[in-house]
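Heads up, the thing below is written out as structure tokens.
In the working numbering, the protein residues as written are 6 to 165.
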């Protein structure tokens, strides 16, 4: 009976160490960030669709302003691509990137797909914003994800 009690205590300690290791290594890291700028005038169909959504207050995404859009030549799209690495043995669920808006930003286009980052893998996520043509690309990015149903957030900045 004494041996069973000792074995049970050893198994309990090993289990606690294993769960603690999984919890402490449950992180996602940002490996790289890139941005591509495209003038809105080069994508007139997309811009017109966004203009109609803004006018009808039915934007698919996040509107940062309620002002009506002007001419396409006054706007540009920034697409931020973030390379993430999941360092854990558990997959990261509902991974998304949100851009913190600045004055001049109009909206962030929606990414309606549910993203997951499998265990011990690397993957790319992107977020696209519509902004004033004179705005710079320096932005704070918030990357949120869930592991074991617990929310985590990474804040990082693109540019200086």
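Using N, Cα and C, we set each Cβ at its ideal position, and we do this for glycine too.
These numbers come from a predicted model, not from an experiment.
- Pairwise C-beta distances place the stretch 78-90 in contact with the stretch 16-34, as three or more of them are shorter than 8 Å.
- Looking at the backbone, the Cα of residue 110 and that of residue 58 are separated by about 16 Å.
- Rounded to the nearest angstrom, the Cβ distance from residue 135 to residue 55 is 6 Å, consistent with a contact under 8 Å.
- Note that the C-beta distance between residue 41 and residue 70 is not below 8 Å.
- Your pair residue 79 and residue 137 checks out as a contact, with CB atoms roughly 7 Å apart and the cut at 8 Å.
- With distances taken between CA atoms, residue 162 lies nearest to 147 out of 98, 19, 147 and 153.
- For residue 123, same chain residues with a beta-carbon under 6 Å away, outside a window of 5 residues either side, are 96 in chain order.
- In the assembly as shown, residue 113 is a buried residue. Its beta-carbon has 16 or more other beta-carbons within 10 Å.
- Residue pairing by DSSP places residue 90 opposite 34 and 127 in a beta bridge.
- Just measuring C-alpha positions, the residue of 133, 116, 93 and 118 sitting nearest residue 125 is 93.
- The alpha carbon of residue 115 has as its nearest neighbour, out of 99, 132 and 23, the alpha carbon of 132.
- In the assembly as shown, residue 99 is an exposed residue. Its beta-carbon has fewer than 16 other beta-carbons within 10 Å.
- In this structure, the straight-line span from the alpha carbon of residue 150 to that of residue 68 is close to 22 Å.
- Around the beta carbon of residue 119, a 10 Å sphere encloses fewer than 16 other beta carbons of the protein chains shown; the residue is thus reported as exposed.
- Between residue 82 and residue 143, the CB-CB gap reaches or exceeds 8 Å.
- Rounded to the nearest angstrom, the Cβ distance from residue 130 to residue 102 is 5 Å, consistent with a contact under 8 Å.
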